[in-house]
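Below is one structure, written out as structure tokens, with a few remarks after it.
Number of protein chains: 2
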Amino acid sequence: MPHPPPTGGDLSRLRRLNSLSAVNALRGAGAVTLSALAERTGLSRPSTKEVLGELIDLGWVAEVSPSAGGMGRPARRYRFRADRGHLIGLDIGGHNVRAALADLDGEILAETRQPVLPLAPREERLAAIERAVAGCLALAGKQLCDLWAVAVGTTGIVTPDGRVAYSATIPSWTGLDLAGRLRELFGCPVLVDNDSRLAALAENRRGAARGAQDVVFLHVARRMGAGLIIDGKLHRGFGAAAGELVMLPEVRWLRATGHLNECEIVPEGTSPEDAAGYTLAAARRGEPLAMAAVDRYLDDLAVGAAAMALLLDPEVVILGGGFSRSADVLLEPLRARLERSCMRPPEVRASTLGEECVVLGAIDYAVDHVDRHYFTTEAGPVQALPPATGP
Amino acid sequence: MPHPPPTGGDLSRLRRLNSLSAVNALRGAGAVTLSALAERTGLSRPSTKEVLGELIDLGWVAEVSPSAGGMGRPARRYRFRADRGHLIGLDIGGHNVRAALADLDGEILAETRQPVLPLAPREERLAAIERAVAGCLALAGKQLCDLWAVAVGTTGIVTPDGRVAYSATIPSWTGLDLAGRLRELFGCPVLVDNDSRLAALAENRRGAARGAQDVVFLHVARRMGAGLIIDGKLHRGFGAAAGELVMLPEVRWLRATGHLNECEIVPEGTSPEDAAGYTLAAARRGEPLAMAAVDRYLDDLAVGAAAMALLLDPEVVILGGGFSRSADVLLEPLRARLERSCMRPPEVRASTLGEECVVLGAIDYAVDHVDRHYFTTEAGPVQALPPATGP
DNA sequence: AGAGTTTCGAAGGAGCGCTTCATTAGTAGC
DNA sequence: GCTACTAATGAAGCGCTCCTTCGAAACTCT
Chain A
0 MPHPPPTGGD LSRLRRLNSL SAVNALRGAG AVTLSALAER TGLSRPSTKE VLGELIDLGW
60 VAEVSPSAGG MGRPARRYRF RADRGHLIGL DIGGHNVRAA LADLDGEILA ETRQPVLPLA
120 PREERLAAIE RAVAGCLALA GKQLCDLWAV AVGTTGIVTP DGRVAYSATI PSWTGLDLAG
180 RLRELFGCPV LVDNDSRLAA LAENRRGAAR GAQDVVFLHV ARRMGAGLII DGKLHRGFGA
240 AAGELVMLPE VRWLRATGHL NECEIVPEGT SPEDAAGYTL AAARRGEPLA MAAVDRYLDD
300 LAVGAAAMAL LLDPEVVILG GGFSRSADVL LEPLRARLER SCMRPPEVRA STLGEECVVL
360 GAIDYAVDHV DRHYFTTEAG PVQALPPATG P
Chain B
0 MPHPPPTGGD LSRLRRLNSL SAVNALRGAG AVTLSALAER TGLSRPSTKE VLGELIDLGW
60 VAEVSPSAGG MGRPARRYRF RADRGHLIGL DIGGHNVRAA LADLDGEILA ETRQPVLPLA
120 PREERLAAIE RAVAGCLALA GKQLCDLWAV AVGTTGIVTP DGRVAYSATI PSWTGLDLAG
180 RLRELFGCPV LVDNDSRLAA LAENRRGAAR GAQDVVFLHV ARRMGAGLII DGKLHRGFGA
240 AAGELVMLPE VRWLRATGHL NECEIVPEGT SPEDAAGYTL AAARRGEPLA MAAVDRYLDD
300 LAVGAAAMAL LLDPEVVILG GGFSRSADVL LEPLRARLER SCMRPPEVRA STLGEECVVL
360 GAIDYAVDHV DRHYFTTEAG PVQALPPATG P
């Protein structure tokens, strides 16, 4: 029988915990004085100083110019060196590849976009990915060797080891060892996950669902998806296939978009990509036919949304994805439908991150990965900052 | 802005962690030698001894007779004093009130059952609860003042503070402040939760889903329910209403049992309670009409089950509740249906705890409560054992 | 320039866990 | 019945981490 949890332990472990506590207090807090840090960590000033000194020696923390103004002796100030490593977030969709470059705090430094055709062959899309990343690096004046991790959100079902098991939106993607290919390309750790899940993560960290413990994120676009935050953590499931509610016919998500695409009001010859947007815009203007189509669409959308809300009882449901541009048309009716179906209806909010939610979620995922690697109890003592060539 | 997590800290905190580690290593492990304990906790022998000495002083640990046989000097042995406190688990259903008495390890010492009519008034059911508990106490020779906690599983939606917001099975229950009433009755902390959720907890701790991180528990009986274990923890949801998928018509769980009740093969005059069981038994014998009814029943059951499996991607789905007696008829077809609907089908297993799953889950919930209260980091240092009159 | 305020840096003390070693209590073999 | 072996016990001494306390330093306000 394996021993349960290796809790407690050594004195060095206590130091490690306090180092982590200090790192967490410094992360994203800008310039912090020693006294402030001591208060946040709960340690005494001398202990905090010792911990901080160690972090400075390891290269994770730097001193910045002392504070000006105020009473008493000016305090020296310190900051987390978020600029010592860089991360790439990728959103691989049917029509676009988006990339963003961020520092270790997840602060965005550069963004690019590369259009691709949904039916483009694998290599073409991979080339677009490479261009998008190269563009980000050039914009920020960085190099490949500055990258510590690349996180990717893509449509479809992704296995735990980063292969694309199946993608309806990008046919050529099915069966690809995406993580492996990108590792070759970028020479650093690559994390791959489903795009809807990463979007949910972003909304939870910096968007409309900030602070919520239980979140249902509805990725509404031509094709639907869902991402779940449960107990403050992204839920992936045993086989990393959580959120694939679309596949169940009774949930009516497969046919939902059809109501928008096939609305009679859509002019002949409108491309299938633009039809839904046309109907939504027409509904906003008050065209009766369009409004009826949107109503039918919402009826179908609400079935799956209600199933999730009833099953999980989340604090908030986020309406995100491409169609969330039309949140003004969709939000209130969705809320009304959920209030009819649910005993304890959740809040319903529109995404605040819009089109960028997947890229931002990928960045957040990469930040988490770095944190797990360097700043968790399991990872051993806080390690020295890797040399400038990357980890 | 509130300070995030009060991690790390004092030297005393380290001792606390090690005390907890020792308690956890002792819980449910019977008699343990000092060396074995040292190995499990990861501490050195002398440190382990000191920690153990403290726990003995506080009254949580006792020495037992030294081990006989074996090489070398016989080791002194120690055990967790699970018998110093007692817990009650209750299952309040439409037709029965079940009670169990357990020690602090969750080991069952006595069980009783009191029949009640579904339409019985509140006070009658409350009296049955009192009788069931009194019976347990008498069987084990204990008294009310020996109880440290009472945990209750009941049908219906339970608010976080222990009121019954709504119960379809027990009409008189709706609106009752169950936790308040039982606290008056028993004079100790009372925890109330939905019965399906507690059953899921029991299967995760000691039943068919032991060790699984993500579990969907299907409570199949006259009325359906669901309980979710996510990331190893019972999922309650923001308003403690998680699992109420039944309420959604599209999921077809409301009408499912009807296929069994209304099967032509059921003899005239069979009571509504027994009709479904009759059909299931007939299906097992191979009666074509019954088999067709069970098929239709399974079609409906599978819709909700598939929705849950697709959304959460659990490791295992447990078929539990009253109808799990007929798991031989239901399990394989359900598995086949899930394999058709799911990209990565979960394992499907029958409950191993049967009728007792709710009572056992209530006990497990009560054990968790005691653990949270006495043996967690948040609870401060491990407290002295309360005096014999209860906590 | 002096009082007040806040931070800095060093010294001394207490708690906790680790290693080490002599001692003790049993079994196995002759 | 005696000796050799084995494994646990108990006490002593060490090192690490955090704490409290104090005088000195640096800057603002009057």
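Chains A and B, in that order, give the protein sequences. Just so you know, the first sequence maps onto residues 0 to 390 in numbering that gives the first Met the number 0. Just so you know, the second sequence maps onto residues 0 to 390 in numbering that gives the first Met the number 0. All residues carry an ideal CB built from backbone N, CA and C; glycine is no exception. No experiment lies behind these values; they were computed from the predicted model shown.
Under 9 Å from the C-beta of residue 350 of chain B: neighbouring residues of chain A: Correct list: empty, because the minimum Cβ distance to chain A is about 19 Å.
Simplified DSSP state of residue 97 of chain A, which is helix, strand or coil: strand
One or two residues paired with residue 349 of chain A in a DSSP bridge: A/318
Continuous alpha helix (DSSP H) assignments of at least 4 residues falling wholly in the segment 213-289 of chain A: 252-260, 271-284
Spatial distance of residue 218 of chain B from residue 296 of chain B (CA atoms): 14 Å
Minimum Cβ-Cβ distance from residue 92 of chain A to chain B less than 8 Å: no
Closest residue to residue 117 of chain B among B/167, B/111, B/364, B/308 (Cα-Cα distance): B/167
Contact under 8 Å by Cβ, residue 369 of chain A with residue 57 of chain A: no
Separation of residue 161 of chain B from residue 195 of chain A, as counted between CA atoms: 35 Å
Chain B contacts from the segment 69-94 of chain A (Cβ-Cβ distance under 8 Å): none
Contact list for residue 294 of chain B against chain A, beta-carbon separation under 8 Å: None at all; the shortest Cβ gap to chain A is about 17 Å.
Partner residues on chain B for residue 255 of chain A, Cβ-Cβ distance less than 9 Å: Within chain B, no residue comes near residue 255 of chain A; the closest Cβ sits about 13 Å away, beyond 9 Å.
Identity of the residue in A/59, A/283, A/319, A/188 nearest residue 347 of chain A by Cα: A/319
Supposed contact pair residue 313 of chain B and residue 236 of chain A - C-beta distance, whole angstroms, cut 8 Å: 7 Å
CB contact check: residue 364 of chain A to chain B, cutoff 8 Å: no
At least 3 beta-carbon pairs within less than 8 Å: the segment 347-365 of chain B vs the segment 76-91 of chain B: yes
Opening and closing residue of the beta strand (DSSP E) in which residue 90 of chain B lies: 85-91
Residue 147 of chain B (DSSP reduced to helix, strand or coil): strand
Where residue 167 of chain B meets chain A, residues with beta-carbon distance less than 7 Å: The contacting residues do not exist; residue 167 of chain B stays about 11 Å from chain A at best.
Cα-Cα separation between residue 329 of chain B and residue 311 of chain B, rounded to whole angstroms: 22 Å
For residue 303 of chain A and residue 259 of chain A, the rounded distance between their alpha carbons: 17 Å
Three-way DSSP call (helix, strand, coil) for residue 190 of chain B in this model: strand
Closer than 7 Å at the beta carbon, the chain B residues around residue 374 of chain A: Correct list: empty, because the minimum Cβ distance to chain B is about 11 Å.
Below-8 Å beta-carbon distance, residue 159 of chain A vs any chain B residue: no
Nearest neighbour of residue 327 of chain B, chosen from B/335, B/315, B/343, B/349 [CA to CA]: B/349
Close-in-space but distant-in-sequence residues of the same chain around residue 150 of chain A (CB under 6 Å, 5 per side omitted): 88, 190, 361, 364, 365
Strand pairing of residue 79 of chain A, partner residues [DSSP]: A/60
Own chain partners of residue 264 of chain B with C-beta closer than 8 Å, once the 5 adjacent residues on each side are dropped: 277, 278, 281, 286, 288, 289, 292
Where residue 322 of chain B meets chain A, residues with beta-carbon distance less than 9 Å: Neighbours of residue 322 of chain B on chain A: none; closest Cβ ~20 Å, over 9 Å.
Under the three-state DSSP convention, the category residue 104 of chain A falls into: coil
Neighbouring residues, chain B, relative to residue 302 of chain A (Cβ below 8 Å): 247, 249
Backbone CA spacing between residue 234 of chain A and residue 226 of chain A [nearest angstrom]: 8 Å
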